[in-house]
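Asks: Mind having a look at this structure? Questions to follow.
Number of protein chains: 2
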Amino acid sequence: MSFDGQLPPKVRLLRAAAELLANSAGGAVSTRQITQLAGVSAPTLYHHFGDKEGLFDAVVAAGFEEYVAGERDFAPSGHPLEDIRRMWDNHVQFGLNQPELYLVMFGNIRPESRPAIVADAEALMEEMLNKAAVAGQLNVQPREAARSILAANVGVTLMLIAEPAAERNLELSTMTRDAMIFAVSAEQASGTPEDSGKSSVVVAAIALNAALQASHSDQLSSSELKLFLEWLHRISTSSTS
Amino acid sequence: MSFDGQLPPKVRLLRAAAELLANSAGGAVSTRQITQLAGVSAPTLYHHFGDKEGLFDAVVAAGFEEYVAGERDFAPSGHPLEDIRRMWDNHVQFGLNQPELYLVMFGNIRPESRPAIVADAEALMEEMLNKAAVAGQLNVQPREAARSILAANVGVTLMLIAEPAAERNLELSTMTRDAMIFAVSAEQASGTPEDSGKSSVVVAAIALNAALQASHSDQLSSSELKLFLEWLHRISTSSTS
DNA sequence: TAGCACCTATAGCAACGCTATATGAAGTGC
DNA sequence: GCACTTCATATAGCGTTGCTATAGGTGCTA
Numbered sequence: 001m002s003f004d005g006q007l008p009p010k011v012r013l014l015r016a017a018a019e020l021l022a023n024s025a026g027g028a029v030s031t032r033q034i035t036q037l038a039g040v041s042a043p044t045l046y047h048h049f050g051d052k053e054g055l056f057d058a059v060v061a062a063g064f065e066e067y068v069a070g071e072r073d074f075a076p077s078g079h080p081l082e083d084i085r086r087m088w089d090n091h092v093q094f095g096l097n098q099p100e101l102y103l104v105m106f107g108n109i110r111p112e113s114r115p116a117i118v119a120d121a122e123a124l125m126e127e128m129l130n131k132a133a134v135a136g137q138l139n140v141q142p143r144e145a146a147r148s149i150l151a152a153n154v155g156v157t158l159m160l161i162a163e164p165a166a167e168r169n170l171e172l173s174t175m176t177r178d179a180m181i182f183a184v185s186a187e188q189a190s191g192t193p194e195d196s197g198k199s200s201v202v203v204a205a206i207a208l209n210a211a212l213q214a215s216h217s218d219q220l221s222s223s224e225l226k227l228f229l230e231w232l233h234r235i236s237t238s239s240t241s
Numbered sequence: 001m002s003f004d005g006q007l008p009p010k011v012r013l014l015r016a017a018a019e020l021l022a023n024s025a026g027g028a029v030s031t032r033q034i035t036q037l038a039g040v041s042a043p044t045l046y047h048h049f050g051d052k053e054g055l056f057d058a059v060v061a062a063g064f065e066e067y068v069a070g071e072r073d074f075a076p077s078g079h080p081l082e083d084i085r086r087m088w089d090n091h092v093q094f095g096l097n098q099p100e101l102y103l104v105m106f107g108n109i110r111p112e113s114r115p116a117i118v119a120d121a122e123a124l125m126e127e128m129l130n131k132a133a134v135a136g137q138l139n140v141q142p143r144e145a146a147r148s149i150l151a152a153n154v155g156v157t158l159m160l161i162a163e164p165a166a167e168r169n170l171e172l173s174t175m176t177r178d179a180m181i182f183a184v185s186a187e188q189a190s191g192t193p194e195d196s197g198k199s200s201v202v203v204a205a206i207a208l209n210a211a212l213q214a215s216h217s218d219q220l221s222s223s224e225l226k227l228f229l230e231w232l233h234r235i236s237t238s239s240t241s
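Line by line, the protein sequences are chains R and C.
Going by this note's numbering, the first sequence opens with residue 1, and the numbers climb by one from there.
Going by this note's numbering, the second sequence opens with residue 1, and the numbers climb by one from there.
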């Protein structure tokens with residue numbers, strides 16, 4: 001039951017914290033619980049992790065490794081947008097499987113202090129969206145698309161976690177997911193001739209931009225790129241008005 | 001500075017809690033702070049509100065009045081989807097104006113225990129979406145649309161609150177908003193003849209259903225309605241595959 | 001063996017949410 | 001006017017929280 005043994009106290013603390021966090025039914029986890037289960041005393045925790053939040057951050061880092069592993073484990077299908085769909089589902093499933101850990105990672109919001117993990121998750125999604133952009137399947141900037149999709153993904157996951165497990169309806173997830181992906185997808189306006197004419201320009205421009213950034217090219221200076229993006233923005237907004 | 005005065009202790013406690021909550025820069029607010037500012041002692045708080053959460057719930061209820069007032073204050077524009085857009089923006093603005101209160105209302109997620117306020121906010125949005133459905137502007141069930149839009153709305157608002165105020169980019173909000181509204185809108189597939197043929201059936205069916213429910217009609221029994229919705233679901237999914 | 005980091009334990013502080021108990025104030029029946 | 005009940009508030013303190021000042025042990029290098 002306890003982690004007394006040959007393992008170093010640091011590892012025992014991490015495992016004890018992770019286990020208590022996973023099994024705490026919504027309630028808070030105290031440092032005394034953690035240190036007792038780990039078989040160490042209070043100052044050891046603070047020596048290794050600074051404070052309680054530091055320990056939790058370490059647990060979260062381990063959880064994020066698992067999250068990233070899940071987000072990367074499937075082979076790229078060759079259809080980037082399909083991979084984004086799987087990333088979304090994997091995100092939701094991760095949250096529902098380990099709600100307490102997920103809440104520490106994504107639910108512990110404080111004003112003006114962004115959890116580092118959010119930026120990491122955004123980068124992960126942006127990376128995948130970049131492939132879609134290069135393939136000409138993206139309607140907006142990969143970064144903006146990633147932020148938008150992740151925000152909706154987190155919102156949906158939090159809502160599902162808050163619901164009683166018996167009532168959880170995953171259609172909320174699939175519907176919101178498809179709505180977001182469809183919105184950033186280049187395929188959406190392929191039916192309307194007038195819009196498709198404009199949007200193909202946008203798509204081509206975005207694909208070009210993504211390709212440029214992927215090749216670390218300096219063919220556009222940062223100021224030129226800024227102007228380029230401004231024009232791009234003007235084009236895309238004028239085509240949807 | 002303090003609320004010592006002629007007001008009853010219950011009101012003083014509510015105001016003190018609201019003020020401390022609004023001005024607490026991310027940190028927790030203690031009962032001792034509240035009771036001191038209110039000029040009462042601890043048991044008075046517990047006599048009136050049961051416990052700390054009870055007091056916070058009361059503050060949230062007052063905040064929700066304000067929220068609802070904001071959501072209703074604009075005159076219906078005659079374009080329900082435009083009103084939904086304004087509801088979204090109002091939601092985000094409410095969160096950014098009073099982040100601490102918003103976090104208590106929508107950010108205090110615990111597994112399997114849904115804040116009552118989420119259900120209220122969903123009902124508010126569903127009410128508006130019902131008008132869109134009756135007008136034949138909706139692509140999916142109003143309830144599902146409301147849940148989906150609200151989840152994305154909360155997710156975006158939490159993300160924006162977590163960002164440093166200087167970096168907040170409201171385009172994240174407008175982009176996600178338009179993506180969600182577009183996704184539930186009946187206008188989306190009007191360009192593709194084949195899809196529009198199918199989707200007009202879906203829209204008509206949803207409008208009919210909304211009108212039936214609005215008139216409290218019993219022309220369809222609950223089992224008939226269930227089957228009807230199942231067909232509807234089959235139609236709508238087959239048209240998007 | 002001496003000295004020096006490193007790591008851990010004992011004991012305890014201030015602050016937390018909350019409550020057992022007692023006191024005052026206000027209304028009610030006679 | 002007086003006992004009685006009920007409601008509302010205060011005094012004091014319980015148990016727990018996150019965290020730390022201080023000291024002791026352990027293993028390495030010289």
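Quick reminder that beta carbons are idealized off the backbone N, C-alpha and C, glycines included.
Alanine 110 of chain C bridges to which residues according to DSSP?
Replies: Residue identity check: residue 110 of chain C is arginine in the sequence provided, not alanine. In the DSSP output, where bridge partners are listed per residue, arginine 110 of chain C has C:Ser113.
Asks: Please report how far the alpha carbon of isoleucine 84 of chain R lies from the alpha carbon of isoleucine 181 of chain R, in whole angstroms.
Replies: Cα to Cα, isoleucine 84 of chain R sits roughly 8 Å from isoleucine 181 of chain R.
Asks: Give a yes or no on whether the C-beta atoms belonging to proline 111 of chain C and isoleucine 109 of chain R are separated by under 7 Å.
Replies: No, the Cβ-Cβ distance between proline 111 of chain C and isoleucine 109 of chain R is not below 7 Å.
Asks: Going by the beta-carbon positions, is the gap between glycine 63 of chain R and leucine 101 of chain R smaller than 7 Å?
Replies: Yes. Within cutoff.
Asks: With DSSP as the reference, please indicate the residues paired to serine 185 of chain R in a beta bridge.
Replies: The partner list for serine 185 of chain R (beta bridge, DSSP) reads R:Leu138.
Asks: Can you give the Cα-Cα distance for glutamine 36 of chain C and serine 41 of chain R, rounded to whole angstroms?
Replies: Each residue's Cα considered, the two are about 35 Å apart.
Asks: Name the residue from R:Met128, R:Glu144, R:Arg168, R:Val11 whose alpha carbon lies nearest to the alpha carbon of threonine 44 of chain R.
Replies: Measuring from the Cα of threonine 44 of chain R, the nearest candidate turns out to be R:Val11.
Asks: Please list, in chain order, the residues of the stretch 109-128 of chain R that have any C-beta partner in chain C closer than 8 Å.
Replies: So the list reads Ile109, Arg110, Pro111, Glu112, Ser113, Arg114, Pro115, Val118, given in the order they occur along the chain.
Asks: Here's the rule I'm using: 16 or more other beta-carbon atoms within 10 Å means buried, otherwise exposed. How should leucine 173 of chain R be labelled?
Replies: The sequence given here places serine at residue 173 of chain R; leucine does not occur at that position. Buried is the call here.
Asks: Using a cut-off of 7 Å between C-beta atoms, extract the partners of threonine 31 of chain R located in chain C.
Replies: None at all; the shortest Cβ gap to chain C is about 16 Å.
Asks: Only counting runs of 4 or more residues, tell me where the alpha helix (DSSP H) segments fall wholly within the stretch 46-125 of chain C, in order along the chain.
Replies: Qualifying alpha helix (DSSP H) stretches, in chain order: 52-73, 80-97, 99-102.
Asks: Taking the beta carbon of glutamate 71 of chain R as the centre, do at least 16 other beta carbons fall within 10 Å, making it buried, or is it exposed?
Replies: Buried: at least 16 other Cβ atoms inside 10 Å.
Asks: Quick check: the Cα distance between proline 115 of chain R and methionine 105 of chain R, rounded to an integer number of angstroms?
Replies: If I take the Cα positions, the gap works out to 8 Å.
Asks: Between methionine 175 of chain C and chain R, is the shortest Cβ-Cβ distance under 7 Å, so that the two count as touching?
Replies: Yes - at least one Cβ of chain R is within 7 Å of the one on methionine 175 of chain C.
Asks: Isoleucine 181 of chain C CB to nearest chain R CB: under 7 Å?
Replies: Not an interface residue.
Asks: When you compare the CB of glutamate 71 of chain C with every CB in chain R, is at least one pair closer than 7 Å?
Replies: False, the Cβ-Cβ gap to chain R never drops below 7 Å.
Asks: DSSP three-state call for alanine 38 of chain R: helix, strand or coil?
Replies: Helix, per DSSP.
Asks: How would you call glycine 26 of chain R, buried or exposed, if buried means at least 16 neighbouring beta carbons within 10 angstroms?
Replies: So glycine 26 of chain R counts as exposed.
Asks: Under a CB-based cut-off of 7 Å, is isoleucine 161 of chain R close to chain C?
Replies: Closer than 7 Å to some Cβ of chain C, the Cβ of isoleucine 161 of chain R qualifies, so yes.
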